[in-house]
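Undergrad: A single structure is presented below for examination.
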Amino acid sequence: MFKHLMDPKLSILISAMDQIKLTKKCIECLEQTLGNTISHEVLIVNDGSVDGTAKYLDSLSSFYRVFHRASSQGFAKNNNWMAREARGGYLLFLN
């Protein structure tokens, strides 16, 4: 396992619901911007999407920690849950 996955300095947390185009753009921008510049992990909660977001997230590499909710739990609840799951010393909430 890569060191950045085992001991990340930064945890990037994304809650996504029915915004597949914006979610794709967000992931692309993260990949272009961060690369290997800082040890990080990316957690994404699919909050009950019905527009193909779940399928897209499942197609991402195993680097991304993807979680699916059967129904919407809400932005705040998802962020609190991801914050507890995060391994990084710093949290970055993306909306």
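Here the sequence shown is numbered in numbering that gives the first Met the number 0, starting from 0 and rising by one per residue. Beta carbons are placed, not taken as given, at the ideal position from N, Cα and C, and that holds for glycine.
What is the C-beta distance between residue 46 and residue 14, in whole angstroms, given that I count them as a contact (C-beta under 8 angstroms)?
TA: Taking the sequence shown and counting its residues from 1, the one referred to as residue 46 is at position 47. Taking the sequence shown and counting its residues from 1, the one referred to as residue 14 is at position 15. The Cβ separation is near 6 angstroms, so the contact holds.
Undergrad: Just to confirm the assignment, what range does the alpha helix (DSSP H) spanning residue 58 have?
TA: For the purposes of this step, residue 58 is identified with residue 59 of the sequence shown, where counting begins at 1. Start and end: 52-58.
Undergrad: Counting along the chain, where does the alpha helix (DSSP H) carrying residue 82 start and finish?
TA: The count along the sequence shown starts at 1 and reaches residue 82 at position 83. 74-84 is the extent of the alpha helix (DSSP H) around residue 82.
Undergrad: Is DSSP giving residue 19 helix, strand or coil here?
TA: Stepping through the sequence shown from its first residue, residue 19 is reached at position 20. Reduced to three states, the DSSP call for residue 19 is helix.
Undergrad: Does residue 37 come out as helix, strand or coil in the three-state DSSP assignment?
TA: As a working mapping, residue 37 is identified with position 38 in the sequence shown. Correct three-state label for residue 37: coil.
Undergrad: Taking 8 angstroms as the cut-off, does the region 27-39 touch the region 53-73 (at least 3 CB pairs, one atom from each stretch)?
TA: Short answer: they don't touch.
Undergrad: Pull up the CB-CB distance for residue 76 and residue 37, whole angstroms please, since I reckon it's below 8 angstroms.
TA: As a first step, residue 76 is located in the sequence shown; it is residue number 77 there, counting from the start. As a first step, residue 37 is located in the sequence shown; it is residue number 38 there, counting from the start. Rounded, the Cβ-Cβ distance is 28 angstroms, inconsistent with contact.
Undergrad: Just to confirm my understanding: we take residue 63, look at its own chain, exclude 5 residues before and 5 after, and list those with CB closer than 7 angstroms. What are they?
TA: Locating residue 63 in the sequence shown gives position 64, counting from the first residue. Hits under 7 angstroms: 41, 43.
Undergrad: In terms of residues, what are the limits of the beta strand (DSSP E) holding residue 66?
TA: Within the sequence shown, numbered from 1, the residue matching residue 66 stands at position 67. That run of the beta strand (DSSP E) goes 63-68.
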